[in-house]
Amino acid sequence: MLFIYGALAIGGIETFFVRMAKERKKSGLVTTVLLLTDRKSSNTELLKEMEEYADVYFYKDIFKGPFFLVKSMPLLTSIKKEKLKKIFEKIDQIHVTDGELALLGYRFARILNISTPLTVGFYNPVKFLWGGDHVKYYEKINRKFVLEYLPKKSLSLFSEGNLDLYNKVLGIDLTGANTFRLGVIEPTPIKLNCDEPLQKTLKICSVGRLVEYKTYNIYMINVIHSLVNKGYDIEYHIYGEGDFKNKMLQKIKDLGLEKHIKLKGNLPYSLFNDVVANYDLFIGSGTAIIQASSLGVCSIVGIEKTANPVTYGFFSEVYQYEYNILGLNLPTFDVEQIIINFVTLNKKDIIALKAEHANCIHPFTNQNCSKLMDNLNIVTMPDENFSFSLLYYHITKFLDVLHIKIWKKHPRNNRK
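Position 18 (the sequence shown) corresponds to 290 in the working numbering; numbering is contiguous.
Right, here's the structure in full:
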């Protein structure tokens, strides 16, 4: 299997790729990773771990052109065909995360005149939904290729809820797409000790990128402010980096919460379990909430793109849904009240809630996901060629990327 991606930063997708490479190596399967950047663009620790389990290549290994061409025009930059051919000797499936990377994988296969199965993971639920019908030519081509040209079996939506969302919003029947869950954890038993005393200070944490659409990063500051004013002894630690960091720091300062809320920076992947296991509560979304739950940490679902501090509840109650999407047909609850209710629980009830979290993560095991992903290497690619204007594709992409950078309300920035 070949993963094509940009760089191995600290994030849900990147750590997922590492877990899959590790699981595949256990099963005697070969994994190859092509990163369209240089070595220094990736997190050192994550890259080092990936290189233990996979053959890792960078843009210079495949492309003849300079980095700015690869970054802006990967579908036009010259390829080192012999090197590409050598790499593909071990490849039985190409896996990507978006439309442009899918087109790049398709380009590789056409250069080599092979029909290697190409699969796409929908790691962000709105990856092919933002902007609706009002996207530029390049993005229309991305979506046409992924949603209409590729076989439905090539698509992994990772939940029934996500499949229903695409069928409803786009009116495109994606029946047949894969809905198995992402591999996030190892099925390691945990010890839940009823005799362990409760901490005097309630400790809450979040782990993830500090970006605008993860709105719980902001409303949780208000929630903590309210709880502190009501006399609760509480600490909230936020792990991650991102464009929203300065805004969060300013808000924390304005509310005088420096003693109660700490921005801790990136949390090394290898330390996630040891660090997060020490908290009473976790709030967040994506793969981090699954990993936190596997540790028996009671985890509140952080709904994305809502300014209101509401949640669908604890992860153990809604794990079978696409739990971070706004607008599910599920009741919502006030986050502050959820925390207050948690504080009133006795030890027995807390242990029971921890056990519910630890026991709900079996669909998210690495073994299950790796096996199901590997089975996709039998997908048959279409016989007909996929044609479009490469020049117009890159012109519209270039202009839209500029628009995205200067206009904060661009649909791409807000995933709307």
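We treat Cβ as the ideally placed atom computed from N, Cα and C, and that holds for glycine.
Worksheet item: Thinking just about the alpha-carbon of each residue, which of 286, 294, 604, 684 is nearest to the one in residue 540?
Response: Here residue 540 refers to the residue found at position 268 when the sequence shown is read from its first residue. Cα-wise, what sits closest to residue 540 is 286.
Fill in: Beta-carbon contacts of residue 585 that lie in its chain and below 6 Å, excluding the five residues immediately before and after
Translated into the one-based positions of the sequence shown, residue 585 becomes position 313. Cβ neighbours of residue 585 beyond the five flanking positions: 605.
Practice prompt. Count the other CB atoms, across all protein chains shown, that sit within 10 Å of the CB of residue 382; report buried if there are 16 or more and exposed otherwise.
Written response: Here residue 382 refers to the residue found at position 110 when the sequence shown is read from its first residue. Exposed is the call here.
Worksheet item: DSSP state of residue 600, grouped into three classes?
Response: Mapped onto the sequence shown, residue 600 falls at position 328. Here residue 600 sits in coil by DSSP.
Worksheet item: Does DSSP classify residue 641 as helix, strand or coil?
Response: Counting from 1 along the sequence shown, the entry for residue 641 is found at position 369. If DSSP states are grouped into helix, strand and coil, residue 641 belongs with the helices.
Practice prompt. Please name the residue in 685, 662, 682 whose C-alpha comes closest to that of residue 414.
Written response: Your numbering for residue 414 matches position 142 in the sequence shown. Residue 414 has its Cα closest to that of 662, out of 685, 662, 682.
Discussion item. Check whether the region 572–585 and the region 550–564 are in contact - that is, three or more C-beta pairs closer than 8 Å.
Written reply: yes
Item to complete: At 4 residues or longer, and completely inside the region 449–522: list those alpha helix (DSSP H) runs for me, N to C.
Response: 488–501
Fill in: Per-residue DSSP class, three states only, for residue 390
Stepping through the sequence shown from its first residue, residue 390 is reached at position 118. In the structure shown, residue 390 sits in a strand (DSSP, three-state: E or B).
Fill in: Which listed residue (395, 671, 289) has its alpha carbon closest to that of residue 409
On the sequence shown, position 137 is the one that residue 409 refers to. Of the listed residues, the one whose Cα sits closest to residue 409 is 671.
Worksheet entry | Where residue 275 sits in the DSSP three-state scheme | Mapped onto the sequence shown, residue 275 falls at position 3. Residue state, collapsed to three classes: strand.
Worksheet entry | Touch test, the region 437–454 against the region 396–410, Cβ-Cβ under 8 Å, three pairs minimum | yes
Worksheet item: With 16 other CB atoms within 10 Å as the buried threshold, where does residue 365 fall?
Response: Taking the first residue of the sequence shown as 1, we reach residue 365 at position 93. By the 10 Å Cβ count, residue 365 comes out buried.
Practice prompt. On the DSSP bridge assignment, give the partners of residue 582 in chain order.
Written response: In the sequence shown, the residue the question calls residue 582 occupies position 310. 606.
Worksheet item: Among 282, 310, 658, which one has its Cα closest to the Cα of residue 222?
Response: Residue 222 is absent from the structure shown; the chain starts at 273 and stops at 688.
Practice prompt. Check whether the region 390–399 touches the region 426–440, counting contact only when three or more Cβ pairs, one atom from each stretch, lie closer than 8 Å.
Written response: yes
Worksheet item: Any idea if residue 367 is buried or exposed, counting beta-carbon neighbours within 10 angstroms, 16 or more meaning buried?
Response: As a position in the sequence shown, residue 367 is number 95, starting the count at 1. So residue 367 counts as buried.
Fill in: Inter-residue spacing [alpha-carbon to alpha-carbon] between residue 354 and residue 363
As a first step, residue 354 must be located in the sequence shown, where it is residue number 82. As a first step, residue 363 must be located in the sequence shown, where it is residue number 91. In a straight line, the C-alpha of residue 354 is about 15 Å away from that of residue 363.
Worksheet item: What is the rounded straight-line gap between the Cα of residue 608 and the Cα of residue 497?
Response: Here residue 608 corresponds to residue number 336 of the sequence shown, with the count starting at 1. Here residue 497 corresponds to residue number 225 of the sequence shown, with the count starting at 1. The alpha-carbon atoms of residue 608 and residue 497 are separated by roughly 10 Å.
Discussion item. Check for me: the beta strand (DSSP E) holding residue 304 runs from which residue to which?
Written reply: By 1-based counting over the sequence shown, the position of residue 304 is 32. Segment 304–307, the beta strand (DSSP E) holding residue 304.
Worksheet item: Cβ atoms of residue 335 and residue 349: under 8 Å apart, would you say?
Response: Translated into the one-based positions of the sequence shown, residue 349 becomes position 77. Translated into the one-based positions of the sequence shown, residue 335 becomes position 63. Yes, the pair counts as a contact, with Cβ atoms nearer than the cut-off.
Worksheet item: Since residue 537 is in the alpha helix (DSSP H), which residue starts that stretch and which ends it?
Response: As a position in the sequence shown, residue 537 is number 265, starting the count at 1. First-last for residue 537: 533–537, but that is the beta strand (DSSP E), not the alpha helix (DSSP H).
Item to complete: Please name the residue, chosen from 535, 345, 379, 406, that lies closest to residue 356 on a Cα-to-Cα basis.
Response: Numbered from 1 along the sequence shown, position 84 holds the residue referred to as residue 356. Checking every option, the nearest Cα to that of residue 356 belongs to 379.
Discussion item. Residues in the same chain with beta-carbon distance under 8 Å from residue 389, minus the five sequence neighbours each way, listed in chain order, please.
Written reply: Residue numbering aside, residue 389 sits at position 117 when the sequence shown is read from its first letter. Hits under 8 Å: 364, 365, 366, 426, 648, 649, 650, 651, 652, 653.
Worksheet item: Three or more beta-carbon pairs under 8 Å between the region 449–460 and the region 613–629, yes or no?
Response: no
Discussion item. Nearest by alpha-carbon distance to residue 280: which of 273, 289, 274 is it?
Written reply: Reading the sequence shown from its first residue, position 8 is the one you call residue 280. When only C-alpha atoms are compared, the closest one is 289.
Item to complete: Please look up how many angstroms separate the CB atoms of residue 642 and residue 292, rounded, as I've assumed it's under 8 Å.
Response: By 1-based counting over the sequence shown, the position of residue 642 is 370. By 1-based counting over the sequence shown, the position of residue 292 is 20. About 6 Å separates the two Cβ atoms, so the contact holds.
Discussion item. List, from N- to C-terminal side, the beta strand (DSSP E) runs of 3 residues or more that fit wholly inside the region 371–419.
Written reply: 390–393
Worksheet item: What number of angstroms, rounded off, separates the C-alpha of residue 372 from the C-alpha of residue 537?
Response: Locating residue 372 in the sequence shown gives position 100, counting from the first residue. Locating residue 537 in the sequence shown gives position 265, counting from the first residue. C-alpha separation (whole angstroms): 31 Å.
Worksheet item: Among 340, 677, 345, 308, which one has its Cα closest to the Cα of residue 328?
Response: For the purposes of this step, residue 328 is taken as residue 56 along the sequence shown, with counting starting at 1. When only C-alpha atoms are compared, the closest one is 308.
Practice prompt. Give the straight-line distance between the Cα atoms of residue 233 and residue 660, rounded to the nearest whole angstrom.
Written response: Any question about residue 233 goes unanswered here, given that the chain covers just 273 to 688.
Item to complete: Verify whether the separation of the beta carbon atoms of residue 479 and residue 548 is less than 8 Å.
Response: Start at 1 with the first residue of the sequence shown, and residue 479 comes out as number 207. Start at 1 with the first residue of the sequence shown, and residue 548 comes out as number 276. In contact: residue 479 and residue 548 (Cβ atoms closer than 8 Å).
Item to complete: Within its chain, find whatever has a CB closer than 6 Å to the CB of residue 578; leave out the 5 residues flanking it on each side and keep chain order.
Response: Residue mapping note: residue 578 aligns to position 306 of the sequence shown, counting from 1. Taken in chain order, the residues that qualify are 487, 598.
Item to complete: Using the Cα positions of residue 476 and residue 685, report the straight-line distance between them to the nearest angstrom.
Response: By one-based count along the sequence shown, residue 476 stands at place 204. By one-based count along the sequence shown, residue 685 stands at place 413. Roughly 28 Å between the two C-alpha positions.
Practice prompt. Between the Cα of residue 282 and those of 276, 520, 494, 314, spot the shortest distance and give me the residue it belongs to.
Written response: Within the sequence shown, numbered from 1, the residue matching residue 282 stands at position 10. Measuring from the Cα of residue 282, the nearest candidate turns out to be 314.
Practice prompt. Between the Cα of residue 445 and those of 676, 462, 418, spot the shortest distance and give me the residue it belongs to.
Written response: Counting from 1 along the sequence shown, the entry for residue 445 is found at position 173. Nearest of 676, 462, 418 to residue 445, Cα basis: 418.
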